[in-house]
Amino acid sequence: MANKNEIYVTSAGLEEMKRELEYLKMEKRPEVIQALKEARALGDLSENAEYDAARSAQAEVENKISELEANIENAVIISDVKTDKVSIGNKVEIKYVDDGEVEEYTIVGSKEADPFNNKISNESPIAVAVLNKKVKDVVSVESPNGKYDVEILKIS
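If you're matching positions, the sequence shown starts at 0 in numbering that gives the first Met the number 0 and goes up one per residue.
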């Protein structure tokens, strides 16, 4: 049975998470601890804005560390990607049927998604519609902005 906490990532995405975790632990956490020490030295903590800001930064860093550790622990590496059907890890070229516009997307796990670089989450409306489909299939995409059709042109 699948683990609900599974996080699908490429090997590059996992390495990026590990680098970010290392940075937070080795550089950011010590900076925040130093800022806390300096703020405490200013005296009265009840009306100390620097102390409040440092505590907030500490909570943010610790939360991010915890999140990354959980993601890394539950990571499922996307590997052995086939090109006969669309799956996580594929690049898929699609044509929007209404206007003929062509786009290429890489389907990745939700933690690795980066729409500005055409990396879309496997949970996004387009990915949900095209997953397990083949080249030349025309599928309907259910999006918050309405329904539209796309044709799968290429899977790599």
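All C-beta atoms in this analysis are idealised placements derived from N, C-alpha and C, irrespective of residue type, glycine included. Because the structure is a prediction, the values reported are computed rather than measured.
Exercise. Mind checking G145: buried by the 16 CB within 10 Å criterion, or exposed?
Worked result: exposed
Exercise. Going along the chain, which residues of its own chain have a beta-carbon closer than 6 Å to the beta-carbon of E122, five neighbours each way excluded?
Worked result: S109
Exercise. How do the stretch 4 to 15 and the stretch 56 to 76 stand: do at least 3 beta-carbon pairs fall below 8 Å, yes or no?
Worked result: yes
For this session: Under 6 Å Cβ to Cβ from S139, same chain only, skipping five residues before and after it: list those, please.
Result: If we look at S139 and ignore the five residues flanking it on each side, its Cβ neighbours are K146, D148.
Exercise. D98: which of P114, E150, G42, P29 sits nearest, CA to CA?
Worked result: E150
Exercise. Just reading off the alpha helix (DSSP H) that I32 is part of, what are its end residues?
Worked result: From DSSP, the alpha helix (DSSP H) with I32 extends over 28 to 39.
Exercise. DSSP on K81, reduced to helix/strand/coil?
Worked result: DSSP, read as helix, strand or coil, puts K81 in coil.
Exercise. Under a three-way DSSP split, which group does S10 fall into?
Worked result: helix
Exercise. Mapping DSSP to helix, strand and coil, what is I71?
Worked result: helix
Problem set entry | For L20, the three-state DSSP class (helix, strand or coil) | helix
For this session: Write down the C-beta distance between V107 and K94 rounded to the nearest angstrom, noting that I regard them as a contact closer than 8 Å.
Result: V107 to K94, Cβ: 21 Å. No contact.
Problem set entry | Rounded Cβ spacing between I64 and L20 (contact assumed at less than 8 Å) | 7 Å
Exercise. In chain order, what residues of the same chain lie with their CB nearer than 6 Å to the CB of K133, ignoring the 5 residues before and after it?
Worked result: Same-chain partners within the cutoff: K84.
Exercise. Where M16 and L67 are concerned, what is the direct C-alpha to C-alpha distance, given to the nearest angstrom?
Worked result: 7 Å
Exercise. The beta strand (DSSP E) with I119 in it runs from where to where?
Worked result: 118 to 120
Exercise. Whose C-beta lies closer than 7 Å to the C-beta of S142 among residues of the same chain, with five residues either side of it excluded?
Worked result: P124
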